[in-house]
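Here the structure comes first, spelled out in structure tokens, and everything after it is commentary.
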Amino acid sequence: YNFTSDDLTDHGEIGRGAYGTVNKMFHEVSNTVMAVKRIRSTVDEKEQSQLLMDLQVVMKSNDCRFIVKFFGALFKEGDCWICMELMSISLDKFYKCIHVIMKQHIPEDIMGKITVATLRALNYLKENLKIIHRDVKPSNILLDKSGNIKLCDFGISGQLVDSIAKTRDAGCRPYMAPERIDPKNFGRGYDVRSDVWSLGITLIEAATGKFPYPKWNSVFDQLTQVIEGDPPRLTQADGDFSKEFIDFVNTCLIKDVESRPKYNSLLVHGFVQRYKDANVDVTGYVTNILDNVTPEELEAFNSI
Numbered sequence: 001y002n003f004t005s006d007d008l009t010d011h012g013e014i015g016r017g018a019y020g021t022v023n024k025m026f027h028e029v030s031n032t033v034m035a036v037k038r039i040r041s042t043v044d045e046k047e048q049s050q051l052l053m054d055l056q057v058v059m060k061s062n063d064c065r066f067i068v069k070f071f072g073a074l075f076k077e078g079d080c081w082i083c084m085e086l087m088s089i090s091l092d093k094f095y096k097c098i099h100v101i102m103k104q105h106i107p108e109d110i111m112g113k114i115t116v117a118t119l120r121a122l123n124y125l126k127e128n129l130k131i132i133h134r135d136v137k138p139s140n141i142l143l144d145k146s147g148n149i150k151l152c153d154f155g156i157s158g159q160l161v162d163s164i165a166k167t168r169d170a171g172c173r174p175y176m177a178p179e180r181i182d183p184k185n186f187g188r189g190y191d192v193r194s195d196v197w198s199l200g201i202t203l204i205e206a207a208t209g210k211f212p213y214p215k216w217n218s219v220f221d222q223l224t225q226v227i228e229g230d231p232p233r234l235t236q237a238d239g240d241f242s243k244e245f246i247d248f249v250n251t252c253l254i255k256d257v258e259s260r261p262k263y264n265s266l267l268v269h270g271f272v273q274r275y276k277d278a279n280v281d282v283t284g285y286v287t288n289i290l291d292n293v294t295p296e297e298l299e300a301f302n303s304i
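Counting with UniProt numbering, you get residues 1 to 304 for the letters of the sequence shown.
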């Protein structure tokens with residue numbers, strides 16, 4: 001469909017980020033509900049290039065079922081509106097619903113499906129689009145009541161030029177791998193194994209309900225702990241986890257980047273193999289959780 005902003009009915013804000021807001025909108029002609037990322041016209045050139053990168057990636061990735069679908073982009077009064085499929089909730093809010101409100105853990109089979117979907121999305125980006133995501137974290141993994149689990153937000157994805165990306169300021173620092181924040185590596189770049197680390201941090205956080213490092217008071221604290229300290233570890237003490245899941249997460253969190261695996265070896269790991277084709281009722285689980293959480297409770301997580 002060709003459509004303009006006038007064809008969309010606004011159903012209110014559902015999120016906000018550095019660039020602007022995300023609103024739920026309805027396109028009547030196609031009977032489609034969508035998430036519209038509205039980018040303020042005040043964004044500078046660097047931010048605009050990131051947005052255009054975001055668009056190019058998503059447009060090329062519509063055939064991957066583990067990446068959010070893209071409906072198009074339009075400009076209104078200088079603002080850019082990016083129209084994407086609407087998902088129900090992000091993993092960061094979802095795990096907080098379960099740990100904080102329900103006082104439960106996410107079952108391992110659901111964690112298995114989250115792992116498989118995210119890994120396959122990341123592998124698709126690398127193999128098909130020659131891109132590393134560079135911002136893997138719970139808020140960029142989305143779930144819906146149909147049982148879909150998808151990766152989003154490629155605004156800072158970088159081309160795998162000679163298999164190395166040389167940027168330093170991209171990404172959300174708490175999830176950054178040691179080699180990305182170590183000043184000794186400045187200019188050396190990094191590859192997909194940095195996203196593997198971020199996936200490990202993300203999985204520990206979702207599985208245990210808390211970020212695996214203590215709260216940092218400064219960038220220096222973070223540098224010291226991530227670069228010099230032991231890497232986070234998932235253990236039996238954290239919950240009723242299988243040896244395979246514990247091994248998968250801890251393999252992602254091998255501190256030495258040269259020893260940390262890439263996607264091809266993770267895709268054949270026993271934990272991924274177990275859940276790759278397993279019949280898991282993600283639909284029922286996600287629906288049950290979301291039907292038992294109030295909008296007010298969800299809203300409270302925006303400020304955490």
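Positions of the beta carbon are idealized from the N, C-alpha and C atoms, including for glycine.
How close, in whole Å, do the beta carbons of residue 324 and C64 come, if the pair is a contact with beta carbons under 8 Å?
Since the first residue of the chain shown is 1 and the last is 304, residue 324 is not available in this structure.
Roughly how many angstroms separate the alpha carbons of W216 and D230, rounded to a whole number?
Looking at the two C-alpha atoms, the distance is approximately 15 Å.
Looking only at its own chain, which residues have a Cβ that is under 7 Å from the Cβ of V116, when we skip the five neighbours before and after it?
So the qualifying residues of the chain are V272, Y275, K276.
Supposed close pair D284, C252 - CB separation, criterion 8 Å
The residue asked about is misnamed: residue 284 is Gly in this sequence, not Asp. Not quite, the Cβ-Cβ distance comes to about 28 Å (not below 8 Å), so this is no contact.
Where does A117 fall in DSSP's three states?
Of the three classes helix, strand and coil, the one that applies to A117 here is helix, per DSSP.
Compare the beta carbon distance of V136 and T202 with 8 Å and say whether it is the shorter of the two.
yes
Can you give the beta carbon distance from I149 to F66, rounded, assuming they're within the 8 Å contact cut?
7 Å
With respect to the beta strand (DSSP E) encompassing T39, which residues constitute its N-terminal and C-terminal limits?
Note that residue 39 is Ile in the sequence shown here, rather than Thr. Membership of I39 in the beta strand (DSSP E) is indicated by the continuous run 32 to 39.
Since L143 and L86 should fall inside the 8 Å C-beta cutoff, what is the C-beta to C-beta distance between them, to a whole number of angstroms?
About 12 Å; that fails the 8 Å criterion.
Proximity winner among I227, V29, G147, I131, relative to Y175 (alpha-carbon distances)
I227
Tell me where the beta strand (DSSP E) around T9 begins and ends.
8 to 16
For G158 and H133, what's the separation of their Cα atoms in angstroms?
Any reading at G158 must be qualified, since the residue scores a pLDDT of 44, below 50, and its modelled position is unreliable; no value is offered.
Considering Cα atoms alone, identify which of R173, R40, V68, K113 is closest to L125.
V68
Enclosing beta strand (DSSP E) for A73 [first to last residue]
70 to 76
Pick from M25, G78, A278, D182: whose alpha carbon is nearest that of F220?
D182
Could you give the residue range of the beta strand (DSSP E) that holds D291?
It is not in any beta strand (DSSP E) - D291 instead sits in the alpha helix (DSSP H) that spans 282 to 291.
By the three-class DSSP mapping on this structure, what secondary structure does N123 have?
helix
Under 8 Å by Cβ, that's how I've got I110 and Q104 pegged, so tell me the actual separation to the nearest angstrom.
Not really, about 11 Å apart at Cβ, beyond 8 Å.
Which of the three DSSP states, helix, strand or coil, is assigned to D153?
coil
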